[in-house]
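Number of protein chains: 2
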Amino acid sequence: MGRWEPNARDRLAQAAMTLFQEHGYDRTTVQDIAARAGLTERTFFRYFTDKKEVLFGGSELLNERIVTTITEAPPGTAPLDAVAAALEAMAPFFKDRRDHSRARQALLAAHAELRERELIKLASMASAAAETLRKRGVTEPTASLAAEAGIAVFKVAFERWLEDPKAQDYSRHLQLGLDELRALTASTGTEGPDAPPPRPARPVRARKP
Amino acid sequence: MGRWEPNARDRLAQAAMTLFQEHGYDRTTVQDIAARAGLTERTFFRYFTDKKEVLFGGSELLNERIVTTITEAPPGTAPLDAVAAALEAMAPFFKDRRDHSRARQALLAAHAELRERELIKLASMASAAAETLRKRGVTEPTASLAAEAGIAVFKVAFERWLEDPKAQDYSRHLQLGLDELRALTASTGTEGPDAPPPRPARPVRARKP
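Note that the protein sequences, when read in sequence, are chains A and B.
In short: position in the first sequence from 1, add 12, done, that's this note's numbering.
In short: position in the second sequence from 1, add 12, done, that's this note's numbering.
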C-alpha cells in the first residue's frame, strides 16, 4: 500500500483535464496524468481503470444519488416526480462545475469513444432509476418509461445548461425540460375516453423567413 | 467485382444469426458466415464492416424512414406526433421478425459490446429525428426533447413487444408506450398558471404482500 494522498482522486481528475486540453486527449498518457498530479501511476490505477474513466469517475456517485433519492421519496410520489427529484438531487454535483463540464463536453464532441462511454453512463442511470422504481412497486412499462423519459430530459437539460449564454443554473434547465416534456405530451395524440380535454395544440412553428 | 448474388445481404444476415446461436457470437468468424451463406468474405465486406454490424445492418434504413416520415408529416403536426408517426412507420421492418429480434436481443443481453452498439444506434435515431424536426422549424429544446422522449418510448415498447406473452404486435406496444408517457407526465409536477386542471395522481403502487 502506498501512503495516503489527500484528494488524490480530485488531483488526478484535474491534472487529466488540464493535460487533455493542453496536449489533446489522444496524446495524454496515464503516466503524464500521475506526474502532473504529483502522484504515482499505481495511485492512478487505484482510482481509475484507464484515462477514459477519469471523465466518468462521478458516474457511480450519480447512480447512488438516483437510487437514494427515489428510495426515499415520500410514499405516493408519482413515478416521474420521483425521477425528477433524483435529477434535481444531482444539482450539487454540477454546481460551480460548468466550465469543467463544458471542457468535458468538448472532449466528448471530438472523440466517438467518449460519446459512447457517455451513452453507457446515461443508460446505467436509467437502469438504476427503473430498478429503484420497481423496488417501490411501480410496474412495467411505467417504471422503465419514467426512467428513460427522465434521462431524456436530463440529457437535453444538461446540454442546454452547458450552452446557455445566460448561464442559468442546471436546476433551472431541468425544470424547463420537465415543463417542456409535459407540454409536448399534452399537445399530442388521441387519448382514451377518460382523458381530460386536450390543451391547445403546439403546432410545428414555421421558421421565420 | 464479384458476380451479383441475389439477396446477399439477407443471406449473410441469416447465416450470421444461425451461427451466433449455434456456436456463440464469440466463436463465429466472418469466414464462417460467408461460407454458410455460400458467399465469399469479399462479398461479406461489401455489405458489413465486421460481424457485429450484421446485427445493426438495418440502422440506416430505420434512420431514413425516420427522416422521411417526419419530413412528410402534414404542416402543423405536433412535434411528438411527428416522432410517433416515424416510430409507427418502422412497423413493417419488425413485422414477422419477432423471433429474429428475440434472438438478437438475447445476443445483446450476453455481450456488452453489442449493447453499446445498440445504444449508439438509438442515439443516432434520436439525432436524426431531432435534426429533421429542426429542419421543419421546431426550436430547441423542443426538437431534442421530442426526439429523445420518442426514442425512450421506442426502446421500452420494443422490449415489451419482444417479451409479450400475448405476442401483441409492435404497433400496439408503441401506442401503449405513448399513452403511458402521456399518463406519466399528466400525473406529475407543478404546472404554470395556464395549465389545465391536473388529472388524478397515479401514486406509486404498493406491492402486494
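In this text, a Cβ means the ideal position worked out from N, Cα and C, and glycines have one as well.
Predicted model only: the values in this text are computed from it and were never measured.
Collapsed DSSP secondary structure at residue 152 of chain A in the structure displayed:
Within the first sequence, residue 152 of chain A is the residue found at index 140, counting from 1. DSSP places residue 152 of chain A in coil when its eight states are reduced to three.
Cβ closer than 7 angstroms: which chain B residues qualify as neighbours of residue 44 of chain A?
To locate residue 44 of chain A, count along the first sequence from 1; it is residue 32. Contact note: residue 44 of chain A does not reach chain B at a C-beta cutoff of 7 angstroms; the least C-beta distance is about 27 angstroms.
With 7 angstroms set as the bound, which would you pick, yes or no: does the beta-carbon of residue 92 of chain A sit closer than that to a beta-carbon of chain B?
For the purposes of this step, residue 92 of chain A is taken as the residue at position 80 of the first sequence. Chain B, which has a Cβ nearer than 7 angstroms to the Cβ of residue 92 of chain A, makes this yes.
Exposure label - residue 190 of chain A; buried when at least 16 CB within 10 Å:
Within the first sequence, the letter at position 178 stands for residue 190 of chain A. Buried, since its Cβ has 16 or more Cβ neighbours within 10 Å.
Range of the contiguous alpha helix (DSSP H) that encloses residue 29 of chain A:
Position 17 of the first sequence, counting from 1, holds the residue named residue 29 of chain A. Residue 29 of chain A -> alpha helix (DSSP H) spans 20–35.
Apart from the five residues on each side of it in sequence, which residues of its chain come closer than 8 angstroms, Cβ to Cβ, to residue 202 of chain B?
Mapped onto the second sequence, residue 202 of chain B falls at position 190. Unreliable placement is indicated for residue 202 of chain B, whose pLDDT of 46 sits below 50; the coordinate value is still reported in the next sentence. No residues qualify anywhere along the chain.
Does the beta carbon of residue 183 of chain A come closer than 7 angstroms to any beta carbon on chain B?
Counting from 1 along the first sequence, the entry for residue 183 of chain A is found at position 171. With 7 angstroms as the cut-off, residue 183 of chain A does not count as an interface residue toward chain B.
Measuring CB to CB, does residue 31 of chain B end up less than 7 angstroms from residue 40 of chain B?
Taking the first residue of the second sequence as 1, we reach residue 31 of chain B at position 19. Taking the first residue of the second sequence as 1, we reach residue 40 of chain B at position 28. In this structure, residue 40 of chain B lies closer than 7 angstroms to residue 31 of chain B by Cβ.
Does the contact criterion of 3 or more C-beta pairs under 8 angstroms hold for the region 137–149 of chain A versus the region 75–95 of chain A?
Contact check between the region 137–149 of chain A and the region 75–95 of chain A: three or more CB pairs, one atom from each, fall below 8 angstroms, which counts as touching.
By the three-class DSSP mapping on this structure, what secondary structure does residue 224 of chain B have?
For residue 224 of chain B there is no data in the structure shown, the boundaries of chain B being 13 and 221.
Simplified DSSP assignment, three categories, for residue 178 of chain B:
As a first step, residue 178 of chain B must be located in the second sequence, where it is residue number 166. The three-state reading of DSSP puts residue 178 of chain B in coil, since its state is none of H, G, I, E or B.
At the level of alpha carbons, what is the spacing between residue 63 of chain B and residue 138 of chain B?
Here residue 63 of chain B is taken as the residue at index 51 of the second sequence, counted from 1. Here residue 138 of chain B is taken as the residue at index 126 of the second sequence, counted from 1. About 25 angstroms.
In the region 154–170 of chain B, which residues sit with their C-beta less than 8 angstroms from some C-beta in chain A, listed in chain order?
Residues of the region 154–170 of chain B that bring their beta carbon within less than 8 angstroms of a beta carbon in chain A comprise 154, 156, 157, 158, 160, 161, 163, 164, 165, 167, 168 and 169, in sequence order.
Rounded to whole angstroms, how far is the Cβ of residue 160 of chain A from the Cβ of residue 167 of chain B, which I believe are closer than 8 angstroms?
Here residue 160 of chain A is taken as the residue at index 148 of the first sequence, counted from 1. Here residue 167 of chain B is taken as the residue at index 155 of the second sequence, counted from 1. Residue 160 of chain A to residue 167 of chain B, Cβ: 6 angstroms. Contact.
Please state whether DSSP places residue 134 of chain B in a helix, a strand or coil.
Taking the first residue of the second sequence as 1, we reach residue 134 of chain B at position 122. Residue state, collapsed to three classes: helix.
When you compare only the Cα positions, how much space is there between residue 197 of chain B and residue 28 of chain B?
On the second sequence, residue 197 of chain B is found 185 positions in, with the first residue counted as 1. On the second sequence, residue 28 of chain B is found 16 positions in, with the first residue counted as 1. Residue 197 of chain B and residue 28 of chain B: Cα-Cα distance of roughly 42 angstroms.
For residue 73 of chain B, which three-state DSSP category applies?
As a working note, residue 73 of chain B is residue 61 in the second sequence. Of the three classes helix, strand and coil, the one that applies to residue 73 of chain B here is helix, per DSSP.
Quick check on residue 114 of chain A: buried or exposed, where buried means 16 or more other Cβ atoms within 10 Å of its Cβ?
The residue you call residue 114 of chain A lines up with position 102 of the first sequence. By the neighbour-count rule (16 or more Cβ atoms within 10 Å), residue 114 of chain A is not buried but exposed.
Taking Cβ-Cβ distances shorter than 7 angstroms, what residues in chain A pair up with residue 172 of chain B?
In the second sequence, counting from the first residue as 1, residue 172 of chain B sits at position 160. Annotation: Cβ neighbours of residue 172 of chain B in chain A (cutoff 7 angstroms, chain order): 153.
What in chain A is Cβ-close to residue 199 of chain B, meaning under 7 angstroms?
Taking the second sequence and counting its residues from 1, the one referred to as residue 199 of chain B is at position 187. Result: 90.
Beta carbon proximity, residue 31 of chain A to chain B, threshold 7 angstroms
The count along the first sequence starts at 1 and reaches residue 31 of chain A at position 19. Not one chain B Cβ lies under 7 angstroms of residue 31 of chain A.
Take the Cβ of residue 93 of chain A as the centre, count every other Cβ of all protein chains shown within 10 Å, and call the residue buried at 16 or more, exposed below.
Along the first sequence, read from residue 1 onward, the residue named residue 93 of chain A stands at position 81. Classification for residue 93 of chain A: buried.
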